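Engineer: Numbering (my numbering), first residue to last: 14 to 168.
Every residue, glycine too, gets a C-beta built ideally from N, C-alpha and C.
Remember, predicted model here, so these are calculated numbers, not experimental data.
Structure provided below as structure tokens; questions to follow.
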């Protein structure tokens, strides 16, 4: 079975689209899914056909930079029949909120998917606030301060 398909106008349209779509092409080349599970955020980026050594993830403050190089599978001398796969260098930046901990970000690459795990910062996690009990016959600090303010206003 041979794969044969030639449409010169379609090839011209494809070349023009690749030349003019710019940043949109980069995002379409690395589709992303992000979600929260408990105290962690997960970001999954699809990178089919990319070798793990061609993926670079860096973090600077609250910015995560992802740079990927996708190389063609063909070799010199191969006759190209169809090439619809995006190739070259692609990058994305993710801006993390202050509630996340970029210092503990981890990355795993498996089956063409880069998975980032970003924990919620300890300071942003819900915490229990202890409630003090007032001893009968004693005034609370707040009520003493409020009474002092009222006396100053009268004077």
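In terms of alpha-carbon separation, which member of 51, 67, 110 lies closest to residue 76?
Structural biologist: 110
Engineer: DSSP state of residue 119, grouped into three classes?
Structural biologist: Three-state result, residue 119: strand.
Engineer: Which residues mark the beginning and the end of the beta strand (DSSP E) in which residue 45 is found?
Structural biologist: Here the beta strand (DSSP E) through residue 45 covers 45-50.
Engineer: Since residue 101 is in the beta strand (DSSP E), which residue starts that stretch and which ends it?
Structural biologist: 101-108
Engineer: Between the stretch 66-84 and the stretch 121-139, can you find at least three pairs of beta-carbon atoms closer than 8 Å?
Structural biologist: yes
Engineer: I need the DSSP call for residue 131, collapsed to helix, strand or coil.
Structural biologist: strand
Engineer: Are residue 115 and residue 42 closer than 8 Å when you measure CB to CB?
Structural biologist: no
Engineer: On a CA-only basis, which of 144, 118, 147, 136 is nearest residue 55? Give me that one, please.
Structural biologist: 118 is the residue among 144, 118, 147, 136 whose C-alpha sits nearest the C-alpha of residue 55.
Engineer: Can you tell me whether residue 136 is helix, strand or coil according to DSSP?
Structural biologist: Residue 136 falls in the helix class under three-state DSSP.
Engineer: Starting from residue 97 and walking both ways along the beta strand (DSSP E), at which residues does that stretch end?
Structural biologist: Unbroken run through residue 97: none, as it is neither H nor E.
Engineer: Does residue 144 pass the burial test, meaning 16 or more other C-beta atoms within 10 Å, or should it be called exposed?
Structural biologist: By the neighbour-count rule (16 or more Cβ atoms within 10 Å), residue 144 is not buried but exposed.
Engineer: Can you grab the Cα-Cα spacing for the pair residue 149 / residue 141, in whole Å?
Structural biologist: 25 Å
Engineer: Cα separation between residue 83 and residue 92?
Structural biologist: Going from the Cα of residue 83 to the Cα of residue 92 covers about 19 Å.
Engineer: Could you check whether residue 59 and residue 101 sit closer than 8 Å to each other, using their CB atoms as the reference points?
Structural biologist: It is not a contact, given that the beta carbons lie outside the stated cut-off.
Engineer: Apart from the five residues just before and just after residue 108, which ones in its own chain have a Cβ nearer than 7 Å to its Cβ?
Structural biologist: 75, 76
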